[in-house]
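When we follow our numbering, the leftmost residue of the sequence shown carries the number 21, and every step to the right adds one. The beta-carbon is built from N, C-alpha and C at its ideal position, and this holds for glycine as well. Notes follow once the structure below has been shown.
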Amino acid sequence: MNANLDVVPMQEWIKTDGKPLIIAGPCSAETEEQVLETANRIKAEGYAHIMRAGVWKPRTRPGSFEGMGEPALKWLVEAKKQTGLPLAIEVATPEHIELALKYGVDVLWIGARTTVNPFNVQDLADALKGVDIPVLVKNPVNPDLALWVGAFERLQGSGIKKLGAIHRGFSNAQEVKYRNSPMWQMAVEMKRLFPQLPIIGDPSHMAGKRSLLMELSQRILDLNYDGMIIETHRDPDAAWSDASQQLTPEALGTMLRELEVRQANYGAEFTDELAAMRAKIDNIDRELMEVLAARMAIVEKLGEYKRDNNVAVLQLDRWKQVHADRAKQASGLGLYPEFVEELFKLVHLESIRKQTEVMSATVA
Ligand code: PEP
Ligand code: MN
Numbered sequence: 021m022n023a024n025l026d027v028v029p030m031q032e033w034i035k036t037d038g039k040p041l042i043i044a045g046p047c048s049a050e051t052e053e054q055v056l057e058t059a060n061r062i063k064a065e066g067y068a069h070i071m072r073a074g075v076w077k078p079r080t081r082p083g084s085f086e087g088m089g090e091p092a093l094k095w096l097v098e099a100k101k102q103t104g105l106p107l108a109i110e111v112a113t114p115e116h117i118e119l120a121l122k123y124g125v126d127v128l129w130i131g132a133r134t135t136v137n138p139f140n141v142q143d144l145a146d147a148l149k150g151v152d153i154p155v156l157v158k159n160p161v162n163p164d165l166a167l168w169v170g171a172f173e174r175l176q177g178s179g180i181k182k183l184g185a186i187h188r189g190f191s192n193a194q195e196v197k198y199r200n201s202p203m204w205q206m207a208v209e210m211k212r213l214f215p216q217l218p219i220i221g222d223p224s225h226m227a228g229k230r231s232l233l234m235e236l237s238q239r240i241l242d243l244n245y246d247g248m249i250i251e252t253h254r255d256p257d258a259a260w261s262d263a264s265q266q267l268t269p270e271a272l273g274t275m276l277r278e279l280e281v282r283q284a285n286y287g288a289e290f291t292d293e294l295a296a297m298r299a300k301i302d303n304i305d306r307e308l309m310e311v312l313a314a315r316m317a318i319v320e321k322l323g324e325y326k327r328d329n330n331v332a333v334l335q336l337d338r339w340k341q342v343h344a345d346r347a348k349q350a351s352g353l354g355l356y357p358e359f360v361e362e363l364f365k366l367v368h369l370e371s372i373r374k375q376t377e378v379m380s381a382t383v384a
């Protein structure tokens, strides 16, 4: 891809003393009390450089909480007055931008559901002509690097140079471990294309649940991201949106203190081509294993079905068909057919072993 961006270094618009940038705050601004209490508890913990909150919420289905709108901006302004923390909010329409600027919001971000639509992004870029404000762009919901890059190019076309990318992961067709699978190689590729563009990880929206935040955050730091945006709420379980992925400001503090920040070679991995390629391979291998695990989970269900319906584990016709089909797909992908054949023999053997285990479980 041939692309170029003129980016102002992040440290010129937000001081973090060389540490990863931390943007923390609730998924949504719900009430004045919730915003102020959350803000003050975040401030007391001392880790945040910027406070986030959703004022308008893009919800998958109508009828869900869609954000408090303009009144929430007033609460956020008060929170900033009390804590001194700059504010970041999501904008999805020119009207949102107008209001954000009216209330002195410091940083804007474009949400994943907006980045996918070039018409929307262009409208936002047009509304930002001549405005000097940092704009962070979340990856689109689908793993399309060009779409993500295109959003930056549109903003740049309006003269925006304080830019940053938020990697929040990509949505899945089936139920998998993460709410939005990270596909780390997309962010690594982004950094390779635009080494000067800050990359901020969003473990909250990758995870979808609290228990996965720690491992994702550590991975984000291991890949030398420039920062993280994490959701935190005064009473997470009672949150009006994204309850299961939020944690209290204090629990977030504990988590952040437990993370290892490899400061010595901060930024090194991304700039070192060899390391970047190795990171890509590590990530792809991890994804391969996740895919294998997903396959085995289905195999297990299949085993249960065969058991309950008294069908034999090995169905020779099916195996022959799989065999022929995979070999054909392999050559279409430029893979050595014998390699793929051997690989699937192993996968098939393991599937049989698994199903036999399921079958014998009832006998025992
Ligand atoms: C959010 O940050 O609360 C949000 C809506 O995220 P995303 O656009 O990544 O889904
Ligand atoms: Mn959210």
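Where do the N-terminal and C-terminal ends of the alpha helix (DSSP H) with residue i fall, by residue?
i    : result
M206 : W204 to L213
E235 : L233 to D242
I62  : E52 to E65
A108 : Segment L107 to E110 is the beta strand (DSSP E) holding A108; no alpha helix (DSSP H) there.
G273 : P269 to E278
R338 : L336 to G352
L93  : E90 to T103
Taking residue i as the reference, give the member of the options with the closest Cα.
i    : options                   : result
L236 : G83, Q265, P138 and S380  : Q265
E57  : N22, E98, I42 and W33     : E98
F364 : M21, L312 and P106        : L312
A59  : K122, P269 and V136       : P269
V208 : N303, L93 and K101        : N303
R338 : Q238, V360, S371 and F359 : S371
L25  : V169, E65 and L366        : V169
R346 : K122, E362 and V333       : E362
V27  : H116, K39, E173 and P160  : E173
L128 : P82, L175 and P91         : L175
A23  : G177, K229, L213 and H225 : L213
S48  : T135, E65, I318 and E90   : E90
L156 : A147, L167 and A171       : A171
Q205 : S84, A296, E377 and F85   : A296
K101 : G124, G87, H116 and R79   : G124
A381 : Y356, V360 and D328       : D328
Are the beta-carbon atoms belonging to residue i and residue j less than 8 angstroms from one another?
i    : j    : result
P163 : F190 : yes
L96  : L119 : no
L232 : Y198 : yes
L243 : A299 : yes
V281 : K39  : yes
A132 : R188 : yes
E310 : V161 : no
I130 : L148 : no
L267 : T252 : yes
G177 : G150 : no
A108 : R61  : no
Y67  : G354 : no
N200 : M226 : yes
Work out the CA separation of residue j and residue i for me, nearest whole Å.
i    : j    : result
H343 : Q375 : 19 angstroms
I43  : I249 : 4 angstroms
Y286 : K35  : Low local confidence applies: a pLDDT of 44 at Y286 is under 50, so the model's placement there is unreliable, and no value is given.
I220 : L165 : 16 angstroms
A284 : G352 : Summary for A284: the model assigns pLDDT 47, below 50, so the residue's position carries little reliability; its value from the coordinates is reported in the next sentence. Roughly 44 angstroms separates the two Cα atoms.
T51  : K348 : 58 angstroms
A112 : Q142 : 11 angstroms
Q341 : Q335 : 10 angstroms
D126 : I153 : 7 angstroms
L322 : E278 : 41 angstroms
P46  : A185 : 20 angstroms
R306 : M316 : 15 angstroms
M379 : H368 : 16 angstroms
L308 : I318 : 16 angstroms
Q54  : R254 : 7 angstroms
N74  : E320 : Per the sequence shown, residue 74 should be read as Gly rather than Asn. Their backbone Cα atoms lie some 41 angstroms apart in a straight line.
A263 : S224 : 11 angstroms
L366 : N140 : 48 angstroms
E65  : G104 : 14 angstroms
M21  : Q194 : 30 angstroms
First and last residue of the beta strand (DSSP E) that includes residue i?
i    : result
H253 : Run containing H253: none; DSSP gives neither H nor E here.
V127 : V127 to I130
K158 : V155 to K158
L41  : L41 to G45
L167 : Segment L165 to G177 is the alpha helix (DSSP H) holding L167; no beta strand (DSSP E) there.
G184 : L183 to H187
M21  : Taken as a continuous stretch (DSSP letters only), M21 belongs to no beta strand (DSSP E), as it is neither H nor E.
I220 : I219 to G221
I117 : Segment P114 to K122 is the alpha helix (DSSP H) holding I117; no beta strand (DSSP E) there.
R230 : Taken as a continuous stretch (DSSP letters only), R230 belongs to no beta strand (DSSP E), as it is neither H nor E.
M71  : I70 to R72
Quick one: measure Cβ to Cβ for residue i and residue j, integer angstroms, because I've assumed they're closer than 8 angstroms.
i    : j    : result
P218 : M30  : 4 angstroms
K182 : W76  : Actually they do not touch by this definition, with Cβ atoms about 22 angstroms apart.
L41  : D246 : 6 angstroms
P106 : I70  : 5 angstroms
Is residue i near ligand 4, with its Cβ less than 7 angstroms from a heavy atom?
i    : result
H225 : Ligand 4 is not part of this structure, which contains only ligand 1 and ligand 2.
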